[in-house]
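The numbering of the sequence shown is UniProt numbering, which starts it at 1 and goes up by one. Shown next, in structure tokens, is the structure this report addresses.
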Amino acid sequence: MSDQKIEQYNHPAGGWGALKYVALHLLKEKVPGGGLRTLLAQNQPDGFDCPGCAWPDRDHASTFEFCENGVKAVAAEATSKRVTAAFFAQHSVSTLLQQSDYELEEHGRLTEPMVYNAESDKYQPISWQDAFSLMATHLNTLDDPNQASFYTSGRTSNEAAFLYQLFVREYGTNNFPDCSNMCHEPTSVGLPETVGVGKGTVTLDDFDLADTLLIFGQNPATNHPRMMGELRECAKRGATIVSINPLRERGLERFSSPQHPSDMLSRAGTTISSMFIRPTLCGDLALVKGVIKRVLELDDLALRDGTDRVIDVQFIAKHTAYFDEFAADIRAENWDDIVTESGVSRDDIERLTQVYVRGKNVIATWGMGLTQHKHGVDTIQMVSNLMLLRGNIGRPGAGLCPVRGHSNVQGDRTVGIDEKPTAAFLDRIEQVYGFKPPREHGLDVIGTIEAMLQGQVKVFIGLGGNFAMATPDTPRTWQALQSCALTVHITTKLNRSHLIHGKDALILPTIGRTEIDMQESGPQGVTVEDSMSMVHVSYGINKPVAKTCLSEIDIVARLAHATLPHSRIDWLEYVKNYALIRDDIEKVYDAFKGYNARIQQPGGFHLGVASRNRIWKTASGRAQFKVLQIPKDTPIHQARRKYGPELMTLMTTRSHDQYNTTIYGMDDRYRGVFGQRRVVFANLLDIQMLGFAPGDWVDLIGVWDDGIERRADRFLLVEFDIPRGCISSYYPETNPLVPLNSFADKARTPTSKSIPVLLRRSAALEA
């Protein structure tokens, strides 16, 4: 672990720093001698898919195609450190709760099923048979299947996710909270109304043809590092890249590719972004509306002067609906409101507009910087409006590119992990399997926590993830989990969710994606779908961590077999050969026709996205412009009217040494933070205005109207280049400040990028 310090990082992202940290993490995790062999098999045709982010690979066969954070994920899974029954015999749950999230992660891989013993406050071994019996007993004694909720992590394969949803629907509920609810739900909700499909419209080939990239609300060098390779290539051939983000992130300034000797030898790296636009938090919708307004103004000038039109008149006439109403609303918008609410000067909006209209092929990408706001859905739809103006959807080199987080978060939703299933999907399930699935929509993440707090959900089963730490309003989420009769976590490593448990609790160890999954018919492969709708197969190469670990598919099948003794489905047959599951997925989803044959192709296959081919599955049969208002009375506005300039808007973010809630280390070197995590980034003028100085310790106090005290104590103030009135800090440490009932309209994604807070001198230091 590094010494605690704040020190500006002046090197490009990637480069020698990345290689250094790769070596350090392999040593720290005590990866066996075959570690290099493991890394070389990552993202290869006969190897395993990276268990980290969902960024795609070139033909899934690139040489040495992995990134620093991908290595951390692989090293964490391939570690030689073990958490055995002897470990749990030495440590009570109460003592483990005193350890940090980083320390819990560092203990290593779980090796055998464990059950909580309330008398000793310890986990103790349990046989798999008894574990399945305990779960089945709890599930079958509930008054209503809706009293159980079934969480899914984005690391779960297509096969495990499909089997999971099939079991749960035959059991009788649609309660499927999943990680999509907390990240890209506004994308999944917003895009079907505009272009007909809640997925991106581009593939990696489009990046070869794009001349302009607009990167909204993203920090790819940390969150999707393999994306940096594509951005580097785009920059080197002259494409214009614009970073639109409150934080000026190092990776979007300069990047040095460890795969390219010229970068490593020069040490200067490649300049990535040629323009940085810095909206205030919650300001993206107003900013994009401002760009659209300026595009229409330029088009009006062109029409008056008899020059080439700026908007794509032919595309709009042939492929879109509601343009006239949309254009009238845009023209009526007030420039002063746009500038005030976006936090971007009119000159910068003009500069951004010029870049957009010069672009012949424009790709818009975005991450959770756009989605985790109250008006996240509207913001995504406004980006869609912008791209429709010049026909930048459904042609080579242009399109919409939402960049998902976990490696199969998109695939899980594709194969049925959805609390709001369509009638057509449920009809197909009934047709194929002969049972009537429930039609009532189920609970998402927020709904599950609320229902647990109200005593309406009594059993929680998590297929991966760290629910207790990933979710908002941490103390209330913990209270919700502790109120359950049974909590179950299917997992590879110890995390805090296993310690925030119900009356009965199970930890069920599973093999990882890097490990050989040997079943009756031989070694099994599993499939995932990346952010660009490519589906490919993954085979582990390492020996499983222990004979007592089962695959996720085996666990789900045995749970279904134990819980549903009268089911007509032969659940255990699926375990013998996962191709049988893919055959069934093909029966339910036409897009997967020829599934088992198609995954044998190098790189897998593309599922097909209708809007990519300008087929619009909307109510009008066309791409639809949406009239959307700039929000002027959000909780942030209301709090600022009450507290004035001392009100800060907090965005939570990852450090470079973490992936989602998994903490790999204590450094965030690109932002100059070493050996620590309890820091808050703020503008120097705001620090001084509040009567503080950089290096002071502060408490963060939540501002909400429900009478619940929310706070996160003792954070180090760090001067950073961030817009006035905005601050940033890491999650999960600041998740307690996100109110449970503060979520995106229509999508219910927690508003983790727009939290009203006050800063106060640390009470701990005052004492």
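Ideal Cβ placement from N, Cα and C applies to all residues, glycine included.
About 6 Å separates the CB atoms of K753 and G369; that is less than 8 Å, so the two are in contact. Listed in chain order, the non-local C-beta contacts of V362 below 6 Å within the same chain comprise T212, N392 and A398, local neighbours out to five positions each way being set aside. Between E68 and P220, the gap from beta carbon to beta carbon reaches 8 Å or more.
Following the DSSP letters along the chain, one finds P645 in no beta strand (DSSP E), marked with neither H nor E. Distance check between G447 and each of H501, Q147 and A13 places Q147 closest, using alpha-carbon atoms only.
Cβ-Cβ separation between S188 and R346: approximately 33 Å, too far for a contact (criterion under 8 Å). S729 is the residue among M689, S729, Q372 and G464 whose C-alpha sits nearest the C-alpha of L700. One thing to note: D554 has its Cβ no nearer than 8 Å to the Cβ of P739. Distance check between A470 and each of I663, E515 and E341 places I663 closest, using alpha-carbon atoms only. Here I215 is not near L191, since their CB atoms are 8 Å or more apart.
Each residue's CA atom was taken as its position, placing Y578 and D329 some 53 Å apart.
Contact between the stretch 5–14 and the stretch 667–685 is established, with three or more Cβ pairs separated by less than 8 Å. About 5 Å separates the Cβ atoms of H441 and K420, confirming a contact at the 8 Å cut-off. In this model, H566 and I429 are separated by some 18 Å (Cα to Cα). Checking the DSSP bridge columns, you'll see L759 partnered with L700. When the Cα atoms are used, K289 and S407 turn out to be separated by approximately 32 Å. In this structure S655 is buried. Its beta-carbon is surrounded by 16 or more other beta-carbon atoms within 10 angstroms. Rounded to the nearest angstrom, the gap between the Cα atoms of A763 and R714 is 8 Å. By a beta-carbon distance limit of 8 Å, V409 does not contact P186. Their separation comes to about 14 Å.
By the neighbour-count criterion, in which 16 or more other beta carbons inside 10 Å mark a residue as buried, D706 falls on the exposed side. P177 carries a coil assignment under DSSP once its states are collapsed to helix, strand and coil. Judged by DSSP in its simplified three-state form, N392 adopts coil rather than helix or strand. When secondary structure is reduced to three states using DSSP, L97 falls in the coil class, being assigned neither helix nor strand. For secondary structure counted as the beta strand (DSSP E) over 3 or more consecutive residues, the stretch 225–257 holds these complete runs in sequence order: 240–244 and 254–256. Close CB contacts of I569 within its chain, under the 8 Å cut and outside five residues either way in sequence, are with L166, E170, Y433 and A560 (chain order). Cβ contact annotation for V242 (same chain, cutoff 8 Å, sequence separation greater than five): T212, L213, L214, I215, S273, S274, M275, F276, I277, L352 and V355, in chain order.
In this chain, the beta strand (DSSP E) harbouring G399 covers G399 to P402. Within the stretch 540–612, the runs of alpha helix (DSSP H) at least 4 residues long that lie entirely inside it are, in chain order, 552–563, 571–576, 579–588 and 595–598. DSSP places Q165 inside the alpha helix (DSSP H), whose first and last residues are N158 to Y171. Collapsing the DSSP output to three states places N223 in a helix. Excluding its 5 nearest sequence neighbours in each direction, M534 has C-beta neighbours in its own chain below 6 Å: P56, G604 and H606, listed in chain order.
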